[in-house]
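Numbering (this note's numbering), first residue to last: 499 to 1213.
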């Protein structure tokens, strides 16, 4: 089934934005620098690449615009005519044709200028050809700017169109304005169409969906139609006419029998007869709305005669070779009281379903389906009854399962069982009060009073009840801890003597004090890590103190104190002197030397003596130091040229002098000719002749490039 989703159409940029997008992409994705050492072939390729890349981007972008927009001849006739009504098919095709022509012109421009660039003889000529090619492409885009703007407006409007499937089951609502079409759609679907007490509230097609017999139906609300000639109808009315003409749907023609819409029954009947050709081969239901204001039985004879004539015409439109059924052709309802609303929907869906089934049964495809299956109807061979035979074991198993279910229900009813008994999900609401612990179970379902004996119950509640509950819980926790401690002490006390019990009490008290002190330290800044010695201003952490503490514990502190002193840091100057003295082979340390010199001569403690690069290490594969030095030199020579070439590439950003004055200004060139005589370039007759002839309009005069380079450098 074809699905039409116009929201996926790519945004169409305007002319100026289109040019900015393409040129900025070309600048970012192609090289930007031409060096003076490039050969002419490389310069040609440089500018040809820019022209090709720009043309391909223009071609790709324009092709996307052309391919995304639907072709009116290839889509469903409903959408084709709808787009013609909304946007004028001729203007639409003309805009897309201009885009296609611009695409071909840009391709031709690129082809022509690439041919010219292939024979460019200088950097300046190649650059001028590139600028001309890109300029002509941008000019083509500027000329189609109105078409791009028009297509962008069409794209925005098409994105707001409803997604209508022309081939699915559809109910189509039509009639005069303000007869209750949108109200009926809001009742049977989840759509939210604006309803107002004036005509033409609905100005476009609106889509909703409804279900009938487990099938999804598409409901379309159309704008109101007036009884006037076809050529006088506006775009809003033509949307309804297009839907009636091309959609295979059940049509609901709404009739306001009360006349409150502003149109009489005669005018509505005239509209019915003027558009009845659009109802052919479609199930048609005539709906008499607003029966709460005017019942159908109370109509005058003339009006009733008009209604019966419309019913007779409706019977003619639904005949498909069989007897037409009068049921469901003329129905009454009221959207205000919702009387008969669902009956109208069900009747329309049923008539549409019957017609679709009948059409499928008459098609050729049904024969292929009927050949695939066969329904066998057995014929009785005698009058003996043969009921179905079920084994006794199966019957016993079913009986035992049913008995187990009944027993389980008697033992305890689950919430799911209660839900099934009381209406199912969405109807049954579980009671949360049945698990309350009260003195009397009858109190569980009582409603809590707000006013009792003329007083507000909330006035007698303590506002600090939560805080007091926390205090009570805290006191209860402390009491339980004390009881547990006493019980533990009593359990241990039965096995101890009085002296042992006293010692145990002191130990526990000391332990409690230590725990309390630890907790206090944990909450204060005393729990931070031990600071280095330079921050220990009071000198409280010393080896003497450690020795005293170890001695009080009955341990020998000498070994620990010696180890601590050996690990302590000395002064930097003493360490440098000791290290310098140990290296007597390398330097002589004079006690009278300055500290700066000693610091320069001292060696870092964390770095070993460096090894020269030419020293041979076992396993490197060199015979001696000379061979290794020669290999290192060859390695450096091999990468020298590569490193030189890698210093700058053609993609590196360089800001060159775009318009050197000595090449653009004729006065400067004539002055340079005089400068030639002064600087000693008289002997080069070619330079002198070129500088003289340039003023006569002959810039292509032959040049001596060697002298010209020296001349330009001197200037």
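Every residue gets a Cβ at the ideal spot worked out from N, C-alpha and C, and that includes glycine.
Practice problem: Report all residues from its chain with a CB closer than 8 Å to the CB of residue 661; omit the five preceding and five following residues, and keep chain order. | Solution: 501, 502, 503 and 705
Exercise. Have a look at residue 874 and residue 881 and give me their C-alpha separation to the nearest angstrom.
Key: 20 Å
Practice problem: Would you check if the distance between the CB atom of residue 624 and the CB atom of residue 557 is smaller than 8 Å? | Solution: no
Exercise. Flag this pair as yes or no: are the beta carbons of residue 788 and residue 832 separated by less than 8 Å?
Key: yes
Quiz item: Does the distance from the CB of residue 673 to the CB of residue 751 come in under 8 Å?
Solution: Residue 751 is positioned such that its CB atom lies closer than 8 Å to that of residue 673.
Practice problem: Tell me whether the beta-carbon of residue 670 lies closer than 8 Å to the beta-carbon of residue 745. | Solution: yes
Quiz prompt | Separation of residue 889 from residue 905, as counted between CA atoms | solution = Pairing residue 905 with residue 889, the inter-Cα distance amounts to about 25 Å.
Exercise. Take residue 653 as the anchor and find which of 1063, 1137, 799 and 593 has the nearest alpha-carbon.
Key: 593
Quiz item: Can the beta-carbon of residue 601 be found less than 8 Å from the beta-carbon of residue 560?
Solution: In this structure, residue 601 lies near residue 560, with their beta-carbon atoms less than 8 Å apart.
Practice problem: Taking the CB atoms as reference points, tell me whether residue 581 and residue 587 lie closer together than 8 Å. | Solution: yes
Practice problem: Kindly list the residues whose CB is nearer than 6 Å to the CB of residue 854, restricted to its own chain and excluding five residues on each side of it in sequence; keep chain order. | Solution: none
Quiz item: Exposed or buried, which one is residue 527 when buried takes at least 16 other CB atoms within 10 Å?
Solution: exposed
Quiz prompt | Straight-line Cα distance separating residue 955 from residue 757 | solution = When rounded, the distance between both Cα atoms is 59 Å.
Self-check item: DSSP beta-bridge partners of residue 709
Solution: 714
Practice problem: Excluding the 5 residues preceding and the 5 following residue 708 in the sequence, name in chain order all residues of the same chain whose CB lies nearer than 7 Å to its CB. | Solution: Close CB contacts of residue 708 within its chain, under the 7 Å cut and outside five residues either way in sequence, are with 686, 687, 715, 717 and 843 (chain order).
Self-check item: Exposure label - residue 945; buried when at least 16 CB within 10 Å
Solution: exposed
Exercise. Decide if residue 821 is buried, meaning its Cβ has at least 16 other Cβ atoms within 10 Å, or exposed.
Key: Here residue 821 scores only 47 on pLDDT, less than 50, and its place in the model is too uncertain to base an answer on.
Quiz item: Quick one, which of 618, 622 and 598 has its alpha-carbon nearest residue 638's?
Solution: Residue 598 holds the alpha-carbon nearest to the alpha-carbon of residue 638 among 618, 622 and 598.
Self-check item: Sheet register partners of residue 829 (DSSP bridge)
Solution: 785
Quiz item: So what does DSSP say about residue 578, is it helix, strand or coil?
Solution: Judged by DSSP in its simplified three-state form, residue 578 adopts helix.
Self-check item: Test item: CB-CB of residue 1254 and residue 576 under 8 Å
Solution: Look at the range of the chain in this structure, 499 to 1213, and you will see that residue 1254 is not part of it.
Exercise. Go through its chain and collect everything with a Cβ distance to residue 643's Cβ below 6 Å, but skip five positions before and after it.
Key: Excluding residues within five positions, the ones whose Cβ falls inside 6 Å are 513.
Quiz prompt | N-terminal and C-terminal residue of the alpha helix (DSSP H) that residue 513 is part of | solution = 513 to 527
Exercise. For the alpha helix (DSSP H) containing residue 563, list its first residue and its last residue.
Key: Counting along the chain, the alpha helix (DSSP H) containing residue 563 begins and ends at 538 to 566.
Quiz item: Excluding five sequence neighbours on each side, which residues of the same chain lie with their C-beta closer than 8 Å to the C-beta of residue 550?
Solution: 608 and 612
Self-check item: Assigned secondary structure, residue 672 (DSSP; H/G/I helix, E/B strand, else coil)
Solution: If DSSP states are grouped into helix, strand and coil, residue 672 belongs with the strands.
Quiz item: How is the beta strand (DSSP E) around residue 754 delimited, first residue to last?
Solution: 748 to 754
Exercise. Would you mind sorting residue 681 into buried or exposed? The rule is 16 or more other CB atoms within 10 Å of its CB.
Key: buried
Quiz item: Does the distance from the CB of residue 827 to the CB of residue 650 come in under 8 Å?
Solution: no
Quiz item: How should residue 542 be labelled, buried or exposed, when 16 other C-beta atoms within 10 angstroms of its C-beta is the threshold for buried?
Solution: buried
Quiz item: How is the alpha helix (DSSP H) around residue 741 delimited, first residue to last?
Solution: 733 to 744
Quiz item: DSSP state of residue 502, grouped into three classes?
Solution: Coil at residue 502, not helix or strand.
Self-check item: CA nearest to the CA of residue 795, picked from 755, 507, 1132 and 919
Solution: 755
Quiz item: Which residue comes first and which comes last in the alpha helix (DSSP H) that contains residue 1116?
Solution: No alpha helix (DSSP H) contains residue 1116, which DSSP labels as neither H nor E.
Practice problem: Determine the direct distance from the alpha carbon of residue 531 to that of residue 524, and round the result to whole angstroms. | Solution: Distance between the alpha carbons of residue 524 and residue 531 is about 13 Å.
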